[in-house]
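First the structure, in the form of structure tokens, and then the observations on it.
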Amino acid sequence: MPIFQNASFYTTVNHLKDLPPTLAEVAFVGRSNAGKSSAINTLTNRTRLAYVSKTPGRTQHINFFDLGNERYLVDLPGYGYAQVPEPVRAHWVELLGRYLATRQSLVGLMLIMDSRHPLKELDWRMLEFFLGTGRPVHILLSKADKLSRQEQAKTLKEVRAELSAYPQVSVQLFSSLKKSGCEEVERVVEGWFGGQGTLPPDAV
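Just so you know, numbering that gives the first Met the number 0 puts the end of the sequence shown at 203, numbered straight through with nothing missing.
In structure tokens:
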């Protein structure tokens with residue numbers, strides 16, 4: 000059975016001290032309104048497992064979803080534009096950064112980008128920050144249905160070329176509307192979970 004199909008909500012936290020102990024987890028992150036919640040709902044074959052909103056910045060906590068066998072999907076706050084007070088936004092930034100830098104059971108990062116606007120400045124910042132941990136990143140170029148086949152191929156080729164210097168980064172097209180790209184995500188995540196415990200000894 001696909002690894003995401005039995006996903007169920009586990010817990011939500013707003014402070015690192017409240018993070019639950021886990022064996023392995025994969026985190027989903029992206030700029031606000033990049034399609035992260037829609038991607039999670041599509042992969043889990045649910046309509047509202049992750050809250051979808053047209054208002055950027057609605058994911059305000061770290062949300063954990065149980066995948067079974069002590070493995071978890073983690074939905075992180077979006078970065079970038081969000082209509083929230085500055086103190087709240089600053090808390091998100093600190094929470095997100097410290098989680099990504101210090102979470103020992105995190106085996107890989109799913110980075111969601113709108114395929115029409117990939118590799119913006121904040122995406123590069125996220126990539127450069129996380130790659131310092133030595134863990135892999137898989138990029139989902141979301142909303143691929145908004146592009147023609149030719150545009151999809153061109154975008155995928157260009158993004159892969161820009162990231163060719165980073166062997167631990169992989170890229171694919173993804174569409175929540177068309178439910179396309181799910182099997183590739185499954186393969187990547189299963190590979191990450193299958194290799195858990197193989198991080199270098201000095202990894203955080």
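We put the beta carbon where it would ideally sit given N, CA and C, even for glycine.
Within the model, the alpha-carbon separation for N5 versus K178 is close to 17 Å. Looking at the DSSP output, A38 bridges to nothing.
Between the alpha carbons of T41 and K142 lies a gap of roughly 12 Å. Under the DSSP definition of a beta bridge, S141 partners with D113.
By the CB criterion at 8 Å, L139 and F173 fall inside the cutoff. By a beta-carbon distance limit of 8 Å, A26 contacts V73. Their separation comes to about 4 Å. Annotation: the continuous beta strand (DSSP E) that includes L172 extends over 168-172.
The three-state secondary structure of E24, taken from DSSP, is strand. Around the beta-carbon of N68, fewer than 16 other beta-carbon atoms lie within 10 Å, marking it exposed. DSSP, read as helix, strand or coil, puts L130 in helix. Of all alpha-carbon atoms in A33, L15, T101, A160, the one lying nearest the alpha-carbon of N62 is that of L15. Counting along the chain, the unbroken beta strand (DSSP E) around G67 starts and ends at 61-67.
Judged by DSSP secondary structure, R70 falls outside any alpha helix (DSSP H) and instead within the beta strand (DSSP E) spanning 70-74. Judged by DSSP secondary structure, F192 falls within the alpha helix (DSSP H) whose first and last residues are 181-193.
The C-beta distance from L146 to V170 rounds to 14 Å, too long to meet the 8 Å contact threshold. Just so you know, the alpha carbons of V168 and E85 end up roughly 32 Å apart. The distance from the Cβ of I2 to that of V188 is about 6 Å, consistent with a contact at the 8 Å cut-off.
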